[in-house]
Amino acid sequence: MKIARIDTYHIPVSLWAALWDREKDLPLVTPLSMYAEHRERYGSWYWNPAMTVVVLTGADGREGLGWCEDGCRAAQVIIDEHLERFVAGASAFDHERVWDIMYRSSIPYGRKGAALEAMSAIDIAMWDLMGQVEGKPVYELLGGAADVSMRLYASALHPVDAEKVAAEARGYVETGYRDMKGRFACGPADGEAGMARNFDHARVIREAVGGEIGVALDAYMGWDVDYAIEMVKRLEPLDLAWIEEPLLPDDIKGYAKLRRASKIPISGGEHEFTRFGFEQLFDAEALDIVQPDVHRCGGFTEARKIGAMAAERGLRVICHTYSIPHLHFSVAMGCSILEHFPQPCWFEMPEAPRPLFVG
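So this is what it looks like as structure tokens:
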């Protein structure tokens with residue numbers, strides 16, 4: 014199936030939807046928490062949430078959809094001004110060749126970041142178009158079996174009032190979740206009081222749900238290695254499932270040092286790109302749990318290679334965040350669990366939410 018046309022659309026709504034609206038005004042530890050003017054609110058430094066959607070139209074009129082985060086419209090410009098020429102006219106089944114050409118051609122400004130997010134959106138759309146031509150879901154094209162259930166973990170539990178956090182955690186258990194993840198509020202700039210606050214938040218969740226429920230927590234790149242080592246030692250009695258992305262993604266040596274010191278599994282990789290980047294993490298033995306993002310790391314073509322590399326090393330793979338592409342990838346790769354952001358049921362909402370895009 015030849016690709017007759019490639020179109021891009023800017024969608025001024027976050028991939029994270031309501032989660033962004035909740036988080037932008039909450040006290041959360043972030044990479045900028047070391048700076049006083051950005052310590053209290055995520056929304057003080059984060060870019061405008063938005064997406065770029067790629068639509069590939071085949072010669073017979075069928076369409077493949079892919080998308081990526083793109084608050085600054087950088088990915089859309091990269092596609093429209095550069096990558097488009099390598100996609101239009103190519104076969105949807107020639108994804109390996111197209112991926113390699115896009116990667117090599119964008120090396121002077123790419124290799125990571127917006128260029129890889131642009132490539133990811135295109136690659137996801139190519140796989141979607143392939144699936145339509147073959148009459149199969151993408152997870153089958155990736156080698157997954159049909160009729161496979163996927164366990165979800167509830168992802169929220171922001172560091173607010175302890176009673177609210179405990180009630181929220183108990184509510185997830187009552188709903189049927191057996192695993193959940195919360196967020197830390199504090200980092201090195203918050204000192205001893207911040208460490209105590211982090212511990213108390215984790216303790217409240219654990220005490221609310223008991224010892225049989227999996228509890229993980231996300232530090233969103235807001236710690237340094239010395240702080241992280243001390244924090245995980247304090248958290249050990251709470252029997253956490255993992256600590257997520259505690260350090261900046263480029264601090265590979267720090268991750269390796271932390272992993273050696275921690276009895277709690279360390280996860281990361283959501284801000285890493287391509288098999289080349291993940292190989293550095295693997296060679297350094299920096300992670301216990303690998304969390305690729307299909308919308309960032311290079312699409313399905315690259316993500317399945319990353320998954321295979323992790324499997325060779327006996328590492329668990331848990332996708333970063335929920336999305337339809339991540340659901341397909343998780344089913345195909347045999348991932349044990351997938352993130353889910355609990356929202357009110359559709360029929361409980363006062364009015365139906367506006368679709369982000371139709372496809």
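Reminder that position 29 of the sequence shown reads as 42 in our numbering, one-by-one numbering, no gaps. Heads up, the beta-carbon is just placed ideally off N, CA and C, and yes, glycines get one too. Computed from a predicted structure; not experimentally measured.
Nearest to residue 258 by CA position, among 271, 336, 248, is which residue?
By one-based count along the sequence shown, residue 258 stands at place 245. Comparing Cα positions, the closest option is 271.
Measuring alpha carbon to alpha carbon, tell me which residue in 129, 166, 104, 36 is nearest residue 143.
What you label residue 143 is simply residue 130 of the sequence shown in a count that begins at 1. The shortest C-alpha separation from residue 143 is found at 104.
Distance, Cα to Cα, residue 67 vs residue 88?
Counted from its first residue, the sequence shown places residue 67 at position 54. Counted from its first residue, the sequence shown places residue 88 at position 75. The straight-line gap from Cα to Cα measures roughly 10 Å.
Identify the residues that DSSP records as bridge partners of residue 104: which are they?
The residue given as residue 104 occupies position 91 in the sequence shown. Answer is 15.
Residues near residue 203 in its chain [Cβ-Cβ closer than 6 Å; skip 5 each side]
Here residue 203 corresponds to residue number 190 of the sequence shown, with the count starting at 1. Counting only Cβ-Cβ distances below 6 Å, and skipping sequence neighbours, we find nothing.
Measure the C-alpha to C-alpha separation of residue 359 and residue 27 and round it to an integer number of angstroms.
Within the sequence shown, residue 359 is the residue found at index 346, counting from 1. Within the sequence shown, residue 27 is the residue found at index 14, counting from 1. Note that residue 359 has pLDDT 46, beneath the 50 cutoff, so the model's placement of it is unreliable and no number is given.
Does the separation of the CB atoms of residue 13 and residue 269 fall below 9 Å?
With the chain covering only 14 through 372, there is no way to say anything about residue 13.
Leaving out five residues on either side along the sequence, give the residues of the same chain with a beta carbon under 6 Å from the beta carbon of residue 14.
Your numbering for residue 14 matches position 1 in the sequence shown. Excluding positions up to five away in sequence, the list reads 71, 105, 146.
Fully enclosed by the segment 121–196, which beta strand (DSSP E) runs are 3 residues long or longer?
165–168, 192–196
Would you decide whether residue 408 is buried or exposed? Buried here means 16 or more other CB atoms lie within 10 Å of its CB.
A query on residue 408 cannot be resolved here, the shown segment of the chain reaching from 14 to 372 and no further.
Hey, out of 234, 190, 308, 177, whose CA is closest to residue 201's CA?
For the purposes of this step, residue 201 is taken as residue 188 along the sequence shown, with counting starting at 1. The shortest C-alpha separation from residue 201 is found at 234.
Give the secondary structure of residue 347 by DSSP, where H, G and I count as helix, E and B as strand, and everything else as coil.
Here residue 347 is taken as the residue at index 334 of the sequence shown, counted from 1. Looking at residue 347 - three-state DSSP - the assignment turns out to be coil, as it is neither helix nor strand.
Under 9 Å, do residue 322 and residue 291 count as touching if we go by C-beta distance?
On the sequence shown, residue 322 is found 309 positions in, with the first residue counted as 1. On the sequence shown, residue 291 is found 278 positions in, with the first residue counted as 1. The answer is yes: Cβ separation under 9 Å.
My guess is that residue 108 and residue 136 are in contact by the Cβ rule of under 8 Å, so how many angstroms apart are they, rounded?
Counting from 1 along the sequence shown, the entry for residue 108 is found at position 95. Counting from 1 along the sequence shown, the entry for residue 136 is found at position 123. Contact flag correct, Cβ pair sits at about 6 Å.
Alpha carbon of residue 238 to alpha carbon of residue 260, nearest angstrom
On the sequence shown, residue 238 is found 225 positions in, with the first residue counted as 1. On the sequence shown, residue 260 is found 247 positions in, with the first residue counted as 1. In a straight line, the C-alpha of residue 238 is about 7 Å away from that of residue 260.
How many Å lie between residue 50 and residue 210 at the Cα?
In the sequence shown, residue 50 corresponds to position 37, counting from 1. In the sequence shown, residue 210 corresponds to position 197, counting from 1. In a straight line, the C-alpha of residue 50 is about 20 Å away from that of residue 210.
Beta carbon of residue 168 nearer than 9 Å to that of residue 208
Numbered from its first residue, the sequence shown carries residue 168 at position 155. Numbered from its first residue, the sequence shown carries residue 208 at position 195. It is not a contact, given that the beta carbons lie outside the stated cut-off.
State the CB to CB distance for the pair residue 138 and residue 91, rounded to an integer number of angstroms; the pair is presumed to be in contact (CB under 8 Å).
The residue given as residue 138 occupies position 125 in the sequence shown. The residue given as residue 91 occupies position 78 in the sequence shown. About 15 Å separates the two Cβ atoms, so there is no contact after all.
C-alpha gap between residue 149 and residue 96, whole angstroms
To locate residue 149, count along the sequence shown from 1; it is residue 136. To locate residue 96, count along the sequence shown from 1; it is residue 83. Between residue 149 and residue 96, the C-alpha separation is close to 27 Å.
Can you tell me which of the three DSSP states residue 334 falls into?
What you label residue 334 is simply residue 321 of the sequence shown in a count that begins at 1. Correct three-state label for residue 334: coil.
Same chain, Cβ closer than 7 Å to residue 157, neighbours up to 5 away in sequence not counted:
In the sequence shown, counting from the first residue as 1, residue 157 sits at position 144. The residues are 344, 345.
Would you mind working out which of 242, 199, 250 sits nearest residue 224, comparing C-alpha positions?
On the sequence shown, residue 224 is found 211 positions in, with the first residue counted as 1. Nearest option by C-alpha distance: 250.
Can you tell me whether residue 161 is buried or exposed? The criterion is at least 16 other CB atoms within 10 Å of its CB, across all chains shown.
Within the sequence shown, numbered from 1, the residue matching residue 161 stands at position 148. Its Cβ having fewer than 16 others within 10 Å, residue 161 is exposed.
With residue 329 and residue 303 assumed to form a contact (beta carbons below 8 Å), what rounded beta-carbon distance in angstroms separates them?
One-based indexing of the sequence shown puts residue 329 at position 316. One-based indexing of the sequence shown puts residue 303 at position 290. Right, their Cβ atoms sit about 7 Å apart.
What's the gap between the Cα of residue 183 and the Cα of residue 221?
Translated into the one-based positions of the sequence shown, residue 183 becomes position 170. Translated into the one-based positions of the sequence shown, residue 221 becomes position 208. Approximately 6 Å, taken between the alpha carbons.
Three-state class that DSSP yields for residue 22 in the structure shown:
Locating residue 22 in the sequence shown gives position 9, counting from the first residue. Here residue 22 sits in strand by DSSP.
For residue 79 and residue 126, what's the separation of their Cα atoms in angstroms?
Translated into the one-based positions of the sequence shown, residue 79 becomes position 66. Translated into the one-based positions of the sequence shown, residue 126 becomes position 113. Those two C-alpha atoms are separated by around 17 Å.
Contacting residues, own chain, Cβ-Cβ under 7 Å from residue 277 (five flanking each side not counted):
Along the sequence shown, read from residue 1 onward, the residue named residue 277 stands at position 264. Closer than 7 Å at the Cβ level, and outside the excluded window around residue 277, lie 245, 248, 249, 253, 255, 256.
Exposed unless 16 or more other CB atoms sit within 10 angstroms - verdict on residue 55
Sequence index remark: in the sequence shown, residue 55 carries index 42 (1-based). Per the 10 Å Cβ criterion, buried.
Run through DSSP, which three-state label would residue 64 get?
Position 51 of the sequence shown, counting from 1, holds the residue named residue 64. DSSP places residue 64 in strand when its eight states are reduced to three.
Give the range of the alpha helix (DSSP H) segment to which residue 91 is assigned.
Counted from its first residue, the sequence shown places residue 91 at position 78. Counting along the chain, the alpha helix (DSSP H) containing residue 91 begins and ends at 87–91.
Segments assigned alpha helix (DSSP H), at least 4 residues, entirely inside the segment 184–263
204–222, 238–248
Should residue 166 be labelled buried (16 or more other beta-carbon atoms within 10 Å of its own) or exposed?
As a working note, residue 166 is residue 153 in the sequence shown. Per the 10 Å Cβ criterion, buried.
Between which two residues does the alpha helix (DSSP H) carrying residue 319 extend?
As a position in the sequence shown, residue 319 is number 306, starting the count at 1. From DSSP, the alpha helix (DSSP H) with residue 319 extends over 312–325.
Close Cβ partners of residue 320 (< 6 Å) along its chain, the five nearest in sequence each way excluded
Your numbering for residue 320 matches position 307 in the sequence shown. Excluding sequence neighbours, residue 320 sits near 330, 346.
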